[in-house]
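J.:
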Amino acid sequence: MLILSAGVTVGLAANPLTGGKAAVARVVAGMAVLIVMNALVASGLRSVLIRFLRNRHLRQAVGVLFLLLALVPQLMVAAHVDLHRYAHYVPVALFWPWGAVAHFVLGQQTAPAAGVMLLFTALGLRFGRRQFFRNLLEGEEETSSTPARGRASDNPIVDGLYRLPGRLLPDPLAAMVEKELRSLSRNPRFRMVFLMGFSFGLLVWLPRIWMSTKRSFVTDHFLTVVSVYALVMLGQVSYWNCFAFDRVATQFYFSAPLSIRKVLAGKNIAAGLFALAEVLLVLAMTSLFRVPLNAASVAEGISVTLVSAVYLVSFGNLSSVYVPRPLNAEKMTQGGSGRTLNMVLFLVFPVVLLPVGLAFWARYALDSEAAFFWCLALALGIGMILYWVALDSAAQKAVREQEKIITELSRGEGPMSTE
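Numbering (this note's numbering), first residue to last: 46 to 464.
#1: Any idea if residue 225 is buried or exposed, counting beta-carbon neighbours within 10 angstroms, 16 or more meaning buried?
#2: Taking the alpha-carbon positions, what's the residue 217 to residue 396 distance?
#3: Could you please give the first and the last residue of the uninterrupted alpha helix (DSSP H) stretch that includes residue 224?
#4: Buried or exposed: residue 388, going by 16 or more other Cβ atoms within 10 Å of its Cβ?
#5: By Cβ distance below 7 Å, which residues in the same chain neighbour residue 243 in space, the five residues on each side in sequence not counted?
#6: Are the Cβ atoms of residue 334 and residue 251 separated by less than 8 Å?
#7: Report yes if the CB atom of residue 369 is closer than 8 Å to the CB atom of residue 319, and no otherwise.
#8: Thinking just about the alpha-carbon of each residue, which of 357, 439, 421, 372 is nearest to the one in residue 454?
#9: Would you call the CB atoms of residue 233 and residue 219 closer than 8 Å?
#10: Given a cut-off of 8 Å, decide if residue 146 and residue 78 are closer than it, judged by their beta-carbon atoms.
#11: Can you check which of these residues, 228, 341, 303, is closest to residue 315 by C-alpha distance?
#12: Could you give the first and the last residue of the continuous alpha helix (DSSP H) run that contains residue 437?
#13: How many angstroms separate the CA atom of residue 303 from the CA atom of residue 345?
#14: Any idea what DSSP makes of residue 267, helix, strand or coil?
#15: Mapping the DSSP letters down to three states, classify residue 335 as helix, strand or coil.
#16: Residue 159 to residue 94, Cα distance in whole Å?
#17: Look at the alpha carbon of residue 363 and the alpha carbon of residue 75, and state the distance between them as a whole number of angstroms.
#18: Helix, strand or coil for residue 152 per DSSP?
#19: Within a Cβ cutoff of 8 Å, which residues of the same chain sit near residue 442, ignoring the five residues on either side of it in sequence?
#20: Please return the same chain residues whose Cβ sits closer than 7 Å to the Cβ of residue 55, not counting the five positions on each side in sequence.
#21: Have a look at 431, 321, 437, 281 and flag the residue whose alpha-carbon is nearest the alpha-carbon of residue 390.
#22: Taking just the CA atoms, how far does residue 404 sit from residue 417?
#23: In whole angstroms, give me the CA-to-CA distance for residue 90 and residue 173.
#24: Is the distance from the Cβ of residue 298 to the Cβ of residue 358 below 8 Å?
#25: Between residue 170 and the rest of its own chain, which residues show a CB-CB distance below 6 Å, the 5 nearest in sequence each way excluded?
#26: Over what stretch of residues does the alpha helix (DSSP H) that includes residue 235 continue unbroken?
#27: Do residue 352 and residue 401 have their CB atoms nearer than 8 Å?
#28: If distances are taken between C-alpha atoms only, which option among 312, 435, 414, 425 comes closest to residue 350?
#29: Could you give the first and the last residue of the continuous alpha helix (DSSP H) run that contains residue 296?
#30: Give the DSSP-derived three-state secondary structure of residue 370 in the structure shown.
#31: Out of 392, 296, 432, which one is the CA nearest neighbour of residue 446?
#32: Just to check my reading of the structure: residue 300 and residue 177 have Cβ atoms closer than 8 Å, yes? What is that Cβ distance to the nearest angstrom?
#33: For residue 332, tell me which candidate among 273, 247, 290 has the shortest Cα-Cα distance.
#34: If you reduce the DSSP assignment to three classes, tell me which class residue 328 lands in.
#35: Between 152, 111, 82, which has its C-alpha nearest residue 142's C-alpha?
#36: Could you check which residue in 312, 180, 239, 266 has the C-alpha nearest to that of residue 222?
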């Protein structure tokens, strides 16, 4: 906000229409009052929201709502809404705080505008101060209550889905997959990202379809683009940093009779199942919005996402042991990757998806759908070999560097921490 306000201040001060050099002091004073007013109100609102959003489900719902509201301007442009028709509804009158600042900065009715500005600043000070002392008295600042947990699942259908790996896989791999499915599905941060994958991701790319007047890669391969986008989003809370939510409890994997290789494999299978569910939900949402699809585009979307997942998970196993980073499941705004991992992802991501890109090139060069799917099948075979090599390499690295990994994962806040 400070950078934006500084830019606005410089622009207004340099604009001769606001009064030139003689109005610099007035512009700076008005913008300074606006910054102070916003800071006071924001501080008080933050305290109110902390108390209001203690309920985990309500917190997630509000977070998704704010993310969807961020897409409203893009959707309005895609729907060709005439914004000039609603210009007279914009609250810029003198009695609004931002309206008063605008009048004062522009030199219009400066005395009444200054009075309104000071009044709202005083109200903001009282509001922020009251909420600050209320937090001190309650001892609740920067805390979030966790409701008592009952049984893991009272729904026999959901419980049956959790136990399905036990019917298809041998123990202890099946137990690891079931544990991962249960823990991630109860993780508020994972649920948020999972929900955003097939909803927010779809709404990001959907205006491209509505606004486009000619064919493009996004319009021709919409399902594929959205599915891979959802898969990449899922990576930050699963396969790119698979020990993030286990934190210091990761040491159990090294002391249990279960090999770390099977731990990684179990986490990969669980991530793959969630990715499959994500793709199916993307397909359902795409059909709901009546995006034109056919059997070829559905097959392309599922197959490209599957092949991409193999390569991304292969790299994710390595990044999970080479660059481990703990995550707090309750903090929705905490970055899913550290700076080092973000840099590596930026460099490696194009290389990881190169086999998929070659399949699209083969389709274009040979003008053949069969060539496309044969190249994808070849890429899948190479990807599986890469996956087994990366899995063995990651398991060996984890065994050698287990103390370092546990130390890194135990940093930060939490019930078990080294700091």
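Where a beta carbon is used, it is the ideal one built from N, C-alpha and C, also for glycine.
T.: With the given structure in hand:
#1: As a working note, residue 225 is residue 180 in the sequence shown. Buried: at least 16 other Cβ atoms inside 10 Å.
#2: As a position in the sequence shown, residue 217 is number 172, starting the count at 1. As a position in the sequence shown, residue 396 is number 351, starting the count at 1. Distance between the alpha carbons of residue 217 and residue 396 is about 34 Å.
#3: Sequence index remark: in the sequence shown, residue 224 carries index 179 (1-based). It spans 218-230 - the alpha helix (DSSP H) in which residue 224 sits, taken as one unbroken run.
#4: Within the sequence shown, the letter at position 343 stands for residue 388. Flag for residue 388 reads exposed.
#5: The count along the sequence shown starts at 1 and reaches residue 243 at position 198. Contacts found: 275, 323, 326, 327, 330.
#6: Translated into the one-based positions of the sequence shown, residue 334 becomes position 289. Translated into the one-based positions of the sequence shown, residue 251 becomes position 206. Contact flag set, yes.
#7: The residue given as residue 369 occupies position 324 in the sequence shown. The residue given as residue 319 occupies position 274 in the sequence shown. Result no, Cβ atoms of residue 369 and residue 319 do not sit closer than 8 Å.
#8: Along the sequence shown, read from residue 1 onward, the residue named residue 454 stands at position 409. The shortest C-alpha separation from residue 454 is found at 372.
#9: Within the sequence shown, residue 233 is the residue found at index 188, counting from 1. Within the sequence shown, residue 219 is the residue found at index 174, counting from 1. Not a contact, by the Cβ cut-off of 8 Å.
#10: Here residue 78 refers to the residue found at position 33 when the sequence shown is read from its first residue. Here residue 146 refers to the residue found at position 101 when the sequence shown is read from its first residue. Yes. Within cutoff.
#11: Along the sequence shown, one-based indexing puts residue 315 at 270. Answer by Cα proximity: 228.
#12: Taking the sequence shown and counting its residues from 1, one reaches residue 437 at position 392. Segment 414-445, the alpha helix (DSSP H) holding residue 437.
#13: On the sequence shown, residue 303 is found 258 positions in, with the first residue counted as 1. On the sequence shown, residue 345 is found 300 positions in, with the first residue counted as 1. If I take the Cα positions, the gap works out to 37 Å.
#14: Here residue 267 corresponds to residue number 222 of the sequence shown, with the count starting at 1. Residue state, collapsed to three classes: helix.
#15: What you label residue 335 is simply residue 290 of the sequence shown in a count that begins at 1. Three-state result, residue 335: coil.
#16: Locating residue 159 in the sequence shown gives position 114, counting from the first residue. Locating residue 94 in the sequence shown gives position 49, counting from the first residue. If you draw a straight line from the Cα of residue 159 to the Cα of residue 94, it is about 30 Å long.
#17: Taking the sequence shown and counting its residues from 1, one reaches residue 363 at position 318. Taking the sequence shown and counting its residues from 1, one reaches residue 75 at position 30. A straight-line Cα-Cα distance of about 53 Å links residue 363 and residue 75.
#18: Taking the first residue of the sequence shown as 1, we reach residue 152 at position 107. DSSP places residue 152 in coil when its eight states are reduced to three.
#19: Sequence index remark: in the sequence shown, residue 442 carries index 397 (1-based). The answer, listed in chain order, is 363, 366, 367.
#20: Translated into the one-based positions of the sequence shown, residue 55 becomes position 10. No residues qualify anywhere along the chain.
#21: Working through the sequence shown from its first residue, we reach residue 390 at position 345. Checked all of 431, 321, 437, 281; the closest Cα to residue 390 is 281.
#22: Along the sequence shown, read from residue 1 onward, the residue named residue 417 stands at position 372. Along the sequence shown, read from residue 1 onward, the residue named residue 404 stands at position 359. Taking C-alpha positions only, residue 417 is separated from residue 404 by approximately 5 Å.
#23: Along the sequence shown, one-based indexing puts residue 90 at 45. Along the sequence shown, one-based indexing puts residue 173 at 128. In a straight line, the C-alpha of residue 90 is about 8 Å away from that of residue 173.
#24: Counted from its first residue, the sequence shown places residue 298 at position 253. Counted from its first residue, the sequence shown places residue 358 at position 313. No, Cβ-Cβ distance for residue 298 and residue 358 is not below 8 Å.
#25: Taking the first residue of the sequence shown as position 1, residue 170 is located at position 125. Only 85 meet the Cβ criterion.
#26: Your numbering for residue 235 matches position 190 in the sequence shown. It spans 233-243 - the alpha helix (DSSP H) in which residue 235 sits, taken as one unbroken run.
#27: What you label residue 352 is simply residue 307 of the sequence shown in a count that begins at 1. What you label residue 401 is simply residue 356 of the sequence shown in a count that begins at 1. Yes, they are a contact pair.
#28: Walking along the sequence shown from the start, residue 350 turns up at place 305. Residue 350 has its Cα closest to that of 425, out of 312, 435, 414, 425.
#29: Position 251 of the sequence shown, counted from the first residue, corresponds to residue 296. 296-300 is the extent of the alpha helix (DSSP H) around residue 296.
#30: On the sequence shown, position 325 is the one that residue 370 refers to. It is coil, neither helix nor strand.
#31: Here residue 446 corresponds to residue number 401 of the sequence shown, with the count starting at 1. Comparing Cα positions, the closest option is 296.
#32: Within the sequence shown, the letter at position 255 stands for residue 300. Within the sequence shown, the letter at position 132 stands for residue 177. That pair is no contact at about 46 Å.
#33: One-based indexing of the sequence shown puts residue 332 at position 287. The shortest C-alpha separation from residue 332 is found at 247.
#34: Start at 1 with the first residue of the sequence shown, and residue 328 comes out as number 283. If DSSP states are grouped into helix, strand and coil, residue 328 belongs with the helices.
#35: Along the sequence shown, read from residue 1 onward, the residue named residue 142 stands at position 97. Closest option to residue 142, Cα to Cα, is 82.
#36: Taking the first residue of the sequence shown as position 1, residue 222 is located at position 177. From the listed residues 312, 180, 239, 266, the smallest Cα separation to residue 222 is found for 312.
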